[in-house]
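Visitor: These protein sequence lines are chains W and L, in that order.
In short: position in the first sequence from 1, add 2, done, that's our numbering.
In short: position in the second sequence from 1, add 956, done, that's our numbering.
Where is the CB? At the ideal position from N, CA and C, for every residue including glycine.
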Amino acid sequence: MRLVLLLLVGLSACTRGPRSEAPAMLMTVQRNGAAAFAVFPARGVQLNAQQPPRLEIEGTEPLRIDRGTVTRDSAYFAEPPWIPRVTAFRGEAHLRVSYCRTPEAVCQSERLAIHVEP
Amino acid sequence: MTRHLIASAIAILVAHITPLAAQTQRQADHGPGDAALPWSNSSWLNADHPVTLASLRGRVVLLNFWVFTCVNCTRTVPSLVVFDSLYRAKGLSIIGIHTPEFPPYAGEHDKNNVMRALDRHHIGYANAQDNDNRTWDLYGIRFWPSFVLIDKQGRIRYTGAGEFHVGDPTHREWERRITALLAE
C-alpha cells in the first residue's frame, strides 16, 4: 500500500513542472497611477515583442498589450508588457501569447483561458 | 482501500501513457523514411503558380515552417538564403510554409505583409501562405521555425526545429544533410 501511495505521488508530480505551466498570466496592476493590464511571463519564458500578447474578450476588438521596454534586438519584452485598463470588463476571456522558453530557440503560441478580475 | 488505490494508480498510468503513445504514433506517421505528404496551399509568393510536391520530384526539398513575427524564424532566414544561393542550381528547392501564430486580426495572414517580410529578409525562394494551418497540421509541426528535408524520391529524411545561424554547428549539420541528399 505504501508503494502504491508513492506511485500515485510520483505520477501526480509528473503532471506538474514547466511543460504544464502556463507560459504567462494577466494581472491588473498600477502603472502611472492608473489601473493597467500587465502580462507576466512564467519563469524561463520570454514574451515575443514582435507579436505582443492580446486579451480576447468576446464581442470586442482584441486588446494589444504592447507597452514596455524591449530587448536591444526588439525580439522580446524586457519587462511585463502592459496597457492601460480601458475596460471595466470582468469575467471569462482569453489571453493569447507568443513566447519562447529559455534555452529553446523556437516560438510557440498559446491561447489561455483566463478570468479577468475587477 | 488498497484495491481502490491500485485502480487509481492504473488509471493515472493509462492517462499518462496514452497521449504519449498517440504522440509517438503521430510522429512516426510523418517521420524520417516516410513519404512526404502533398501540400495543397493555393496562395504563393515568389512563385508564378502553386508549387506541388509532385512537381519537385527529383529535387531535394527543404520545407521551412515559419512566420515573420517569430524572431527565431527571421534570425534563421540568412542561413536559408545561403543554402538557396549555393544549392538551388544543384537541385535544392527551399519552400517556405508561412504559418500564422495568431488570428487574422494580428496581420500575419495578410499577403502584403508576408511579401514585405520576404523583401526585408531577401528571400527569393517560393513561399506558401498556410493561413488555415493545413500544411502545418499535415506534418504535425509544433514550433516555429521547423524544418523537413525531403529527398529526391519524395521521402522525408530529416526533421528538426529551432533557430540557427550561418556557420554555426546546426547550420553546418543541415548543410551536410542537404549536400548528402543532393549527392544521392
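So what's Glu-1057(L) in DSSP terms, helix, strand or just coil?
Guide: Residue mapping note: residue 1057(L) aligns to position 101 of the second sequence, counting from 1. In the structure shown, Glu-1057(L) sits in coil (DSSP, three-state: anything other than H, G, I, E or B).
Visitor: What residues in its chain sit with their C-beta under 8 Å from that of His-1121(L), if we drop five residues either side in the sequence?
Guide: What you label residue 1121(L) is simply residue 165 of the second sequence in a count that begins at 1. Counting only Cβ-Cβ distances below 8 Å, and skipping sequence neighbours, we find Arg-1031, Thr-1032, Pro-1034, Ser-1035 and His-1127.
Visitor: Hey, Ala-38(W) and Tyr-78(W): beta-carbon distance below 7 Å or not?
Guide: As a position in the first sequence, residue 38(W) is number 36, starting the count at 1. As a position in the first sequence, residue 78(W) is number 76, starting the count at 1. Contact: no.
Visitor: Run through chain L and tell me which residues come within less than 9 Å of Thr-56(W), C-beta to C-beta.
Guide: Taking the first residue of the first sequence as position 1, residue 56(W) is located at position 54. A quick correction: the sequence has Arg, not Thr, at residue 56(W). Here the neighbours are Phe-1058, Pro-1059, Tyr-1061 and Ala-1062.
Visitor: Could you give the DSSP three-state label for Thr-1115(L): helix, strand or coil?
Guide: In the second sequence, residue 1115(L) corresponds to position 159, counting from 1. The answer is strand: DSSP assigns Thr-1115(L) an E or B state.
Visitor: Which whole-angstrom value is the C-beta distance of His-1054(L) and Val-1023(L), which I expect to be below 8 Å?
Guide: For this step, residue 1054(L) is matched to residue 98 along the second sequence. For this step, residue 1023(L) is matched to residue 67 along the second sequence. Contact holds; Cβ gap of about 6 Å.
Visitor: Hey, Gly-1118(L) and Val-108(W) are a contact pair by Cβ (cut 8 Å); roughly how many whole angstroms apart?
Guide: Position 162 of the second sequence, counted from the first residue, corresponds to residue 1118(L). Position 106 of the first sequence, counted from the first residue, corresponds to residue 108(W). At roughly 5 Å, the Cβ-Cβ gap stays under 8 Å, so Gly-1118(L) and Val-108(W) are in contact.
Visitor: Please classify Gly-1052(L) as buried or exposed, where buried requires at least 16 neighbouring CB atoms within 10 angstroms.
Guide: On the second sequence, position 96 is the one that residue 1052(L) refers to. With 16 or more other Cβ atoms within 10 Å, it is buried.
Visitor: If you pair each beta-carbon of the stretch 1073-1089 of chain L with each one of the stretch 995-1015 of chain L, do three or more pairs fall below 8 Å?
Guide: Counting Cβ pairs under 8 Å, three or more are found: they touch.
Visitor: Output needed for Met-29(W): all residues of its chain with C-beta closer than 7 Å, excluding positions within five of it in sequence on either side, in chain order.
Guide: One-based indexing of the first sequence puts residue 29(W) at position 27. Closer than 7 Å at the Cβ level, and outside the excluded window around Met-29(W), lie Ala-40 and Phe-42.
Visitor: Determine the burial state of Asp-1040(L): buried for a count of at least 16 other Cβ atoms within 10 Å of its Cβ, exposed for fewer.
Guide: One-based indexing of the second sequence puts residue 1040(L) at position 84. Looking at its Cβ environment, which holds 16 or more other Cβ atoms inside 10 Å, Asp-1040(L) is buried.
Visitor: Measuring only between beta-carbons, confirm whether Asn-1089(L) sits less than 7 Å from chain W.
Guide: Along the second sequence, read from residue 1 onward, the residue named residue 1089(L) stands at position 133. Answer no: the Cβ-Cβ gap between Asn-1089(L) and chain W never drops below 7 Å.
Visitor: If I measure Cβ to Cβ from Leu-1012(L) and keep anything under 6 Å in the same chain, skipping five residues before and after, which residues do I get?
Guide: Your numbering for residue 1012(L) matches position 56 in the second sequence. Closer than 6 Å at the Cβ level, and outside the excluded window around Leu-1012(L), lie Ser-1049.
Visitor: Compile a chain-ordered list of the residues in the stretch 1109-1127 of chain L whose CB is closer than 7 Å to at least one CB of chain W.
Guide: From the stretch 1109-1127 of chain L, only Ala-1117, Gly-1118 and Glu-1119 have a Cβ closer than 7 Å to chain W.
Visitor: Taking the alpha carbon of Pro-86(W) as the point to measure from, which residue in Tyr-101(W), Ala-26(W), Ser-100(W) and Arg-66(W) has its own alpha carbon closest?
Guide: Along the first sequence, one-based indexing puts residue 86(W) at 84. Checked all of Tyr-101(W), Ala-26(W), Ser-100(W) and Arg-66(W); the closest Cα to Pro-86(W) is Arg-66(W).
Visitor: Can you have a look at Val-88(W) and say buried or exposed, based on whether 16 or more other CB atoms are within 10 angstroms of its CB?
Guide: In the first sequence, counting from the first residue as 1, residue 88(W) sits at position 86. Exposed, because fewer than 16 other Cβ atoms sit within 10 Å of the Cβ of Val-88(W).
Visitor: List the residues that DSSP assigns as beta-bridge partners of Ala-1082(L).
Guide: Taking the second sequence and counting its residues from 1, the one referred to as residue 1082(L) is at position 126. Answer is none; Ala-1082(L) lacks a bridge partner.
Visitor: If you measure beta-carbon to beta-carbon, which residues of the stretch 27-57 of chain W are closer than 8 Å to chain L?
Guide: Correct list: Asn-50, Gln-52, Gln-53 and Arg-56.
Visitor: Are three or more beta carbon pairs between the stretch 92-100 of chain W and the stretch 1068-1088 of chain L nearer than 8 Å?
Guide: Because the criterion of three Cβ pairs below 8 Å is not met, the stretch 92-100 of chain W and the stretch 1068-1088 of chain L do not touch.
Visitor: Excluding five sequence neighbours on each side, which residues of the same chain lie with their C-beta closer than 8 Å to the C-beta of Asn-1028(L)?
Guide: Here residue 1028(L) corresponds to residue number 72 of the second sequence, with the count starting at 1. Excluding residues within five positions, the ones whose Cβ falls inside 8 Å are Trp-1100, Pro-1101, Gly-1118 and Glu-1119.
Visitor: Just tell me which of Lys-1046(L), Asp-1093(L), Phe-1058(L) and Asn-1020(L) has its CA closest to the CA of Gln-53(W).
Guide: For the purposes of this step, residue 53(W) is taken as the residue at position 51 of the first sequence. Looking at the Cα atoms, Phe-1058(L) is the closest of the given residues.
Visitor: With DSSP run on the structure shown, which of helix, strand or coil describes Arg-74(W)?
Guide: Here the question's residue 74(W) lines up with position 72 in the first sequence. Three-state result, Arg-74(W): coil.
Visitor: Using a Cβ-Cβ cut-off of 8 Å (strictly less than) and excluding sequence neighbours within five positions of Glu-1140(L), which residues of its own chain qualify?
Guide: For this step, residue 1140(L) is matched to residue 184 along the second sequence. Closer than 8 Å at the Cβ level, and outside the excluded window around Glu-1140(L), lie Asp-1107 and Lys-1108.
Visitor: According to the Cβ coordinates, are Val-1016(L) and Leu-1138(L) closer than 7 Å?
Guide: As a working mapping, residue 1016(L) is identified with position 60 in the second sequence. As a working mapping, residue 1138(L) is identified with position 182 in the second sequence. It is a contact, given that the beta carbons lie within the stated cut-off.
Visitor: Decide if Arg-4(W) is buried, meaning its Cβ has at least 16 other Cβ atoms within 10 Å, or exposed.
Guide: To locate residue 4(W), count along the first sequence from 1; it is residue 2. Its pLDDT being 45, under 50, Arg-4(W) is placed unreliably in this model, and the value from its coordinates should be taken loosely. Looking at its Cβ environment, which holds fewer than 16 other Cβ atoms inside 10 Å, Arg-4(W) is exposed.
Visitor: Closest by CA to Gly-989(L), which one among Glu-1131(L), Arg-1076(L), Tyr-1043(L) and Leu-1105(L)?
Guide: Locating residue 989(L) in the second sequence gives position 33, counting from the first residue. When each option's Cα is compared against that of Gly-989(L), the closest is Leu-1105(L).
Visitor: Sorted by chain position, which residues of the same chain lie with C-beta nearer than 6 Å to Asn-1068(L)'s C-beta, five sequence neighbours on each side aside?
Guide: Position 112 of the second sequence, counted from the first residue, corresponds to residue 1068(L). Hits under 6 Å: none found.
Visitor: Using alpha carbons as the reference points, say which of Thr-62(W), Glu-63(W), Gly-61(W) and Glu-81(W) lies closest to Arg-69(W).
Guide: For the purposes of this step, residue 69(W) is identified with residue 67 of the first sequence, where counting begins at 1. That would be Glu-81(W), whose Cα lies nearest to the Cα of Arg-69(W).
Visitor: Verify the CB distance criterion: does Phe-1099(L) have a CB-CB separation below 7 Å to chain W?
Guide: To locate residue 1099(L), count along the second sequence from 1; it is residue 143. Yes, its Cβ sits closer than 7 Å to a Cβ of chain W.
Visitor: Nearest to Val-31(W) by CA position, among Ser-100(W), Trp-84(W), Ile-116(W) and Tyr-101(W), is which residue?
Guide: Locating residue 31(W) in the first sequence gives position 29, counting from the first residue. Comparing Cα positions, the closest option is Trp-84(W).
Visitor: At least one CB of chain W closer than 7 Å to the CB of Thr-1055(L): is that the case?
Guide: Stepping through the second sequence from its first residue, residue 1055(L) is reached at position 99. No - not a single Cβ of chain W is within 7 Å of the one on Thr-1055(L).
Visitor: How would you call Thr-1025(L), buried or exposed, if buried means at least 16 neighbouring beta carbons within 10 angstroms?
Guide: As a position in the second sequence, residue 1025(L) is number 69, starting the count at 1. Answer is buried; the Cβ neighbour count reaches 16.
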